[in-house]
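Let me begin by presenting the structure, written as C-alpha cells, before commenting on it.
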Amino acid sequence: MDVRYIFDIFIKESMVACHGVQCGYCTPGMIMSVYTLTQTDKEPSQERLEQALEGNLCRCTGYRPIIESFKPLCKEGACGDIEDILKARTCEFKTHQEKASVSDFQSDLQALGSNTVRFVSRDMVWVRPTTLQEVVQLMEDIQGARLVMGATAIGYYLKKGTMTGNTLICCSHVQEMNVFLLQNDVLEVGAAVDLASLENHLDGIISAVEKDQCYTSIHALKKSLRLLGSDQIRNVSTIGGHLALCDPRSDLYPVLMALGATALIATKDGQSEILIEEDLVSGPWKTSLQKSDVVVSIRIPMNTQSKTFYYKQSKRKSFDYAIANACFTVTLADETVTSARLFFGGIGPTFTAASHTASLLVGKKLNYSTFGQVRDSLTEDLERMQKGIENKFKMQLAQGFFRKFWNQIAIDTKETDTKDDIRDYGTSTGTQVWETLSPTQPEHDAVGKPIPIVSGRSLVSGEATFVSDIPRHKGEIWVELIGSTKAHAKIVSIDVTKARQVPGVIDFMDASWIPGPNEWGVSAQDDVLFATSEVHFYGQPVGAILAETEEAAKKAAVLVEIRYEDLPAILTLKDAISKESFIPFKSKPLQMGDPEKVFEDCDFVLEGVIPSGYQEHMYMETQASVAVPHEDDEMEVFITTQSQDFCQKSVSKFLKIPANRITVRTKRVGGAFGGKEFRVVYALAPAAVAAYRTKRPARCVLDRSMDFKISGKRHPFLTEYKAGINKNGQLIAVKLKIFVDAGYSLDCSTWFLNKTMFHVDGSYRIPNYRVEGSLCRTNTASNTTFRGFGAPEGAFIIESIIADLAQAFTLAPEQIRFTNLYKEGDCTHYRKVLTNCNLEKCWNECKSQSNFVQNKEEVSQFNKLHQLRKRGLALLPCKCSVSYPNRAENQGSALVNIYLDGSVLISHGGIEMGQGLHTKMIQVASRALGVPMDNVHISGTGTNIIPNSIPSAASFSSDIYGEAVLNACRTIRERLAPIQEGKPQLTWIDLVQQAFLERISLSATGYCRIGTHHWDFEKGEGDPYHYFTFGAACSVVEIDCLTGEHQVLSTDIVMDVGKSLNPGIDIGQIEGAFVQGYGGLTMEEIHVEANGRYNISGPVDYKIPNVKDIPREFRVSLLKDCPNERAVYSSKGIGEPPMILSISVYLALRDAIQAARSDAGLPSVIRLDAPLTVEAIRSACP
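Under UniProt numbering, the first residue of the sequence shown carries the number 1, and numbering increases by one thereafter.
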C-alpha cells in the first residue's frame, strides 16, 4: 500500500482518535517525522519510532498518546493490519491532489539529474557542482564562498542575518565526496555522506559480521551518531559539515580522534591527508582549514584487536548537546594493553587527549589492582585539560566515563557493574482506565465519552489557522521589538539613523506614539509598554521598528544603537533578600494554632531551607498578534491569549478609545500554560498602537529568543521552615516564611503568593501552622502565571519538609504522609472544612495499582545488588483547589444559537488552547439539547459576542462556561417544551422550524455564577475555593551514580475528576501536566547571567522533556464513583492538579540518592534544590 495513502488516511485519523492532538501546533511536525521514517523503514520497531520522534517537542500531551497513534505502523503494533483498520474506519481526508503534488515535485528534482545547478535569489547564490574539480575551482575563484551540505548550521546564520559571504556551494552530488568504503581495515566516508546514511552503512557492516568479530569501533561510531541531534538533523547533516563546524560539543570528534582518523583535503594544488587530532582542530569552533580548502573524505582505521567505547552525558537523554563526552580505545594482547587512546570533549575548551594516562596503561593488565594508580593519573590529565577553569561536575563525569570503561574491559569486573553500564530501559508503555458509561445512556449523549478534540482533523492536516498563519492583509506592516541589553540602566540616547536606511523601514516607534498612558499592569499599574528614561530588565522593550516586511524589520532592529549608563542591578532572589528589595504585600499571614508554643513538645524538630527555580512556559506557539484598524476608531485584534477581556481593556487604555470599539478574537492558541494571560501585552499593544497610528494592519510575532526574554516565567521562591513531628509520624507544627521573586514589577505575584500560602498544607492536616510571605523585586522580567500557579509550589514545600524529616529521623516518608492525610470534615490551616474528600481513596487505589509494597522491596533488593545504579520510589497524594478566591471571577457567559436546519452554534468566553474546552462544551450542549455532537459547532471566541470574560485558567473554564452553556441550552429547551409536548413525533429539525413559525426565539444567552465563596485578603478570612481535585501518584526511578542521569521506570496515577465529561481529554491533561511538572523539577534549568540575561534563548539550550524522558510504564486511572455536585454534570477541573503529582519523581530521585549515600556511609540529609538536574544528582552521589 502507498505509504502516503496510509498517512493521509490512517495516521491522521489515528492521531485524532488516540488523543495525540491537544493544541495541535506540533502535530504536523510529528506526522512528517514519522512519514520520513517510513520512507526507509516500512515496518519500524517501536524503538525506531521513538527515535524518529526525538527531535519533535510537545508541551501538551506528555507524548504517550502520540506514540500510541503511530504504533499501528510498527511491526509489534497491537492494532491489527493497517488495511483492515482502514476498511473499518471512515475518514474525510482528501488526498489525491496531495499525492500528485508530491509526485510532481519528486519528478522535478529527478529531472535536474547530475547536472550542475545554480539558483540566484536577490543577493544570494546557490551552486550545486557535480565534480570535485568544480568545487575546488569555485572555492578558489569566489571570495567568501561557503560550502554547504544540510545547512543545519549555516541555515541558522542565514535566518539571523549574520552569515558572511553570499555564495553557497552544495557538494551533495560530488561523487568523490559520497564514498563509503571499508577496505584493508580502513573505513573511508565521503564528506558529503549524511549522518543517517552513515549510520545505515554501519548497521550493514554490523549485521554482516559475526558479533564477536565486529569492530567495536563501528559500535562506538554508531553510538555517537545515534546520540548526535535527531533524525531531522542526521538526515541532512554531513560528516564533513560536522567537522568543519568544529563545535566543541561534538559527538563525533572524540570518536574520530580516539580512532586516529584522518581527513583528506583537496586544494588547487592537489590533495593531502591530515591527522584530525593534530592538524584539523585549532580551537573551539576553529579548524586549521584555509578558506579554499575542501574536506573530501574521512579515513578511519579499524582494528579487530582494539576495544572502543563512547560515552556522553547531556541535560536530556536524547537530542541534546553533550555536557561532556569521551571515547576510549585500547588494543590488547594476552589481556595486556599494547596501545591506548583516551579522548575527551567538553572537559576543556576543546577536545583533548589524556595522553599521560594512555601511556601509563600500556603494558598493564586491566584489573582493579591497577585502577587506583590509573585513576590518579587521569585526574592529573583532567586538571591539565581544564587549564585552571575548575568544573567539578565535568571532572566527575570524565572520571565516571573512565570507570564505566574500566567496568566493561577489566578482567575482574563484577557482573552487576558491567550490566549497570549497558542498561536498556526499552520503549514506553501505558494504560488508561476510566469508568464505563451506563448502558442506558442515549447514543447521541456525548457526555462521559472519550471524544477526540473536535478540531483534530484540521490540526493534524496542518490546515488549522494560528495567529501567525493569518494571511497577510493588504498594506500590513511588521512590528519588531527592540529590547534592552542591560538589566538596569539609564537610557542616554537612542540612534535609529542606520536602521532607517534599511529599504522597507517605515519608522521607529517608542512610547511617544502611544495615545494613552504608557503604564500598564495587572494588580498595579507599575509596568510600562516601552521603557523611556530607564530600563529595568534585560530585554525590556524600548521601542519597535515598523517595516514593510519581517526581513526588513529584523535587519533594521539590529542596527538601532542605544547608549546606556549602568545602574546597580539585583539579579537573584538571594541578592534581593540580602538587600531587602521587597515589594509591599498586604495579605495577612495564615495561622492555625501556635507552632512556636508546641515545638518544645515535639519529639523531633527540624529547620531548613527549600529553594526552587524558574520554569519557562515553552508553549510551541510564541506570542503573536495582528491588529486591523477599521472606520470610526474600530480595531480588530487577533491575539494568542488566555484572557480576551484583559487584552480588550489594555488596547482600550493604550489607544484611549472605548472598549466597544475593540474586538478581540482568538480561534485557538498553540499552548499557553499561564504564559499568555497577561505578558501577552508585549505582542498585543505594539501591533495595536502601530495599526492605530499608521491606519494600516500591523503584525507582531515574537521570535523564541525575545519571547523568552520578556514573557515572564514560573516564580522562583525560597522557603525557610521549622517543623515538628512525633515518633509515630504525626506532624505537630510547621512554621514557614516564603520569599518569592516577582521580577521587576508586580504583575500577578501577590495572587501567586497567596495561592502558594493556601496550598502549603499539601494534603495534610497539621494542627499548628503559620505561613507568611514576602515579594522580592529583582531586575529580571516580571514573573507571571504558570500552570498550577502556586499549588505545585505549596505542595513542593510541604513534601520537601516531609522528605527532610523522614531522612533526618529515619522515618518512612509514606507513613508520615498517610498518617497526616486529610479526611472528611477536617479543617485546613485557613479554616475551610473539607467535604467529599477522596484523598484516602486515591491513596489506597494508587498504592494497590502500583504494587507499592512489592515495588519497595524490589527497589531495596536492587540497591543491595548494585553499587553504581540506585533506585528510589515515592508515593504522593494531591489536593488542589479549583476556582478563584475572588468571588467576582467565578462567573461566565455563553450564547447558543439554533438555525433552521437544526445546527447549533455556541459562543462562550473560554479560550481553546489544547485543553479540549470547546469539545467539552459541545458535549455539554449535546446532552442538554438532546442532539448529536455533529449538530453543534464552536467557531472561536470574541469580545463582540461574549463581553467581560474571565481568563481561561485555574482549571475552572469547563466549570463556568459549561454551566453557562448548560443554562442557555436549558432556556431554549424550556421554550421548545410546549411544542414538543403537543407534537412529540417531531424530529429535531421539525421542532426547530415549528418554533420559528411560532415566533419562539432560538437564541439564548447563558450565565452562571458559581459558589458563594470569597476570601478577604486584607482581613485574612473567608472561604477561597469552590472545591478540590484529589489524586495520588507513585513513581519509581533509577539513577546512574557516575553521571547523574536518571530514568523514570514507572508512574502510576489515580485521579479524582468527579464524573469526567471526557475521560480521553482528562487523561491527556493528566499526562501532559505530569510530564511538564517533571521537566520543571529535573531538567528545565534557568540561571540569570552577570549581565542580567537568562542563560536560555530557545530549545537549543532550554531542554524540556522529549519522547525518551517519559515514564517507561505510564498508568493512569480515573477514580470511580465520585461525582462532584459542584460542577457541570458532576465533573471536576483537571488542567492543573496533576502538576503536583510530578513531585513524586523528585522525591523518588531523593530516595535513590539517599540509597547511594547510605551505601557510602555519607549523611543522608543534604539540601537538594529543584530542578534535580544530572549535575545535581551526580554532585549528591558519592
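Idealized CB from N, CA, C, for every residue including glycine.
This one's a predicted model, so the numbers in the text were calculated from it and none came from an experiment.
Three-way DSSP call (helix, strand, coil) for residue i in this model
{"i": "Trp-434", "result": "coil"}
{"i": "Asp-495", "result": "strand"}
{"i": "Pro-313", "result": "Rather than Pro, the amino acid found at residue 313 in this sequence is Gln. The answer is strand: DSSP assigns Gln-313 an E or B state."}
{"i": "Gly-1161", "result": "coil"}
{"i": "Leu-252", "result": "helix"}
{"i": "Val-125", "result": "strand"}
{"i": "Ile-1039", "result": "strand"}
{"i": "Ser-1117", "result": "strand"}
{"i": "Leu-573", "result": "helix"}
Chain-order list of residues whose beta-carbon lies under 6 Å from that of residue i (same chain, five-residue window excluded)
{"i": "Cys-18", "result": "Pro-65, Glu-68 and Ser-69"}
{"i": "Asn-518", "result": "Ala-511, Val-528 and Leu-529"}
{"i": "Val-117", "result": "Arg-128"}
{"i": "Glu-772", "result": "Pro-589 and Lys-737"}
{"i": "Glu-550", "result": "Trp-478"}
{"i": "Arg-1167", "result": "none"}
Buried or exposed by the 16-neighbour rule on C-beta atoms within 10 Å, applied to residue i
{"i": "Val-174", "result": "buried"}
{"i": "His-242", "result": "buried"}
{"i": "Gly-825", "result": "exposed"}
{"i": "Pro-1138", "result": "buried"}
{"i": "Pro-44", "result": "buried"}
{"i": "Asn-944", "result": "exposed"}
{"i": "Gly-1135", "result": "buried"}
{"i": "Phe-405", "result": "buried"}
{"i": "Ile-710", "result": "buried"}
{"i": "Asp-990", "result": "exposed"}
{"i": "Pro-629", "result": "buried"}
Cross-strand partners of residue i (DSSP beta bridge)
{"i": "Trp-478", "result": "Ala-547 and Arg-699"}
{"i": "Lys-222", "result": "Lys-222 pairs with nothing; no bridge assigned."}
{"i": "Val-505", "result": "Ala-547"}
{"i": "Arg-1009", "result": "Gln-891"}
{"i": "Arg-777", "result": "Gly-743"}
{"i": "Tyr-25", "result": "None; Tyr-25 has no bridge partner."}
{"i": "Lys-286", "result": "Gly-283"}
{"i": "Lys-1022", "result": "First, the residue type needs correcting, since residue 1022 is Gly and not Lys in the sequence shown. For Gly-1022, which the question treats as bridged, DSSP gives the partners Trp-1015."}
{"i": "Phe-328", "result": "Phe-309 and Leu-342"}
{"i": "Ser-1131", "result": "Gly-1058"}
{"i": "Tyr-157", "result": "In the DSSP output, where bridge partners are listed per residue, Tyr-157 has none listed."}
{"i": "Leu-839", "result": "Leu-839 pairs with nothing; no bridge assigned."}
Residues near residue i by beta carbon distance below 8 Å, same chain, minus five either side
{"i": "Lys-222", "result": "Glu-199, Leu-202, Asp-203 and Ile-206"}
{"i": "Ala-928", "result": "Val-965, Leu-966, Cys-969, Arg-970 and Arg-973"}
{"i": "Pro-1163", "result": "Arg-1157"}
{"i": "Pro-1182", "result": "Cys-1041, Ala-1156, Arg-1157, Asp-1159, Ala-1160 and Leu-1162"}
Contacts around residue i, its chain only, beta-carbon distance under 7 Å, and the 5 residues preceding and following it disregarded
{"i": "Asp-633", "result": "Ile-657 and Arg-661"}
{"i": "Gly-348", "result": "Met-385, Gln-386 and Lys-387"}
{"i": "Pro-1171", "result": "Gly-613, Gly-1080, Leu-1081, Thr-1082, Met-1083, Glu-1084 and Glu-1085"}
{"i": "residue 1183", "result": "Because residue 1183 is not part of the residues shown, which for the chain are 1 to 1182, the question remains open."}
{"i": "residue 1185", "result": "Outside the shown range of the chain (1 to 1182) lies residue 1185, about which nothing can therefore be said."}
{"i": "Thr-152", "result": "Ile-233, Val-236 and Ser-237"}
Inset, instruction - Kindly confirm or deny that the region 27-36 and the region 449-465 touch, where touching means at least three C-beta pairs closer than 8 Å. - result: yes
Inset, instruction - Check whether the region 905-923 touches the region 1042-1050, counting contact only when three or more Cβ pairs, one atom from each stretch, lie closer than 8 Å. - result: no
Legend entry - the region 795-807 contacting the region 712-728, beta-carbon criterion three pairs below 8 Å: yes
Legend entry - Cβ pair count under 8 Å reaching 3, the region 873-893 against the region 984-994: no
Legend entry - Validate contact between the region 836-847 and the region 744-759 using beta carbons, cut 8 Å, 3 pairs: As far as the Cβ criterion goes, the region 836-847 does not touch the region 744-759, which means the pair count is below three.
Inset, instruction - Evaluate the contact criterion for the region 581-591 versus the region 442-454: three or more CB pairs, one atom per stretch, below 8 Å. - result: no
Legend entry - Validate contact between the region 675-683 and the region 1062-1076 using beta carbons, cut 8 Å, 3 pairs: Between the region 675-683 and the region 1062-1076, the count of C-beta pairs closer than 8 Å stays below three; the two stretches do not touch.
Inset, instruction - Would you be able to state if there are at least three C-beta pairs under 8 Å between the region 1073-1092 and the region 1140-1150? - result: yes
Inset, instruction - Indicate whether the contact test is met: 3 or more Cβ pairs, each with one atom in the region 679-699 and one in the region 534-550, closer than 8 Å. - result: yes
Legend entry - Segment contact flag, the region 862-872 with the region 810-817, C-beta cutoff 8 Å, min 3 pairs: no
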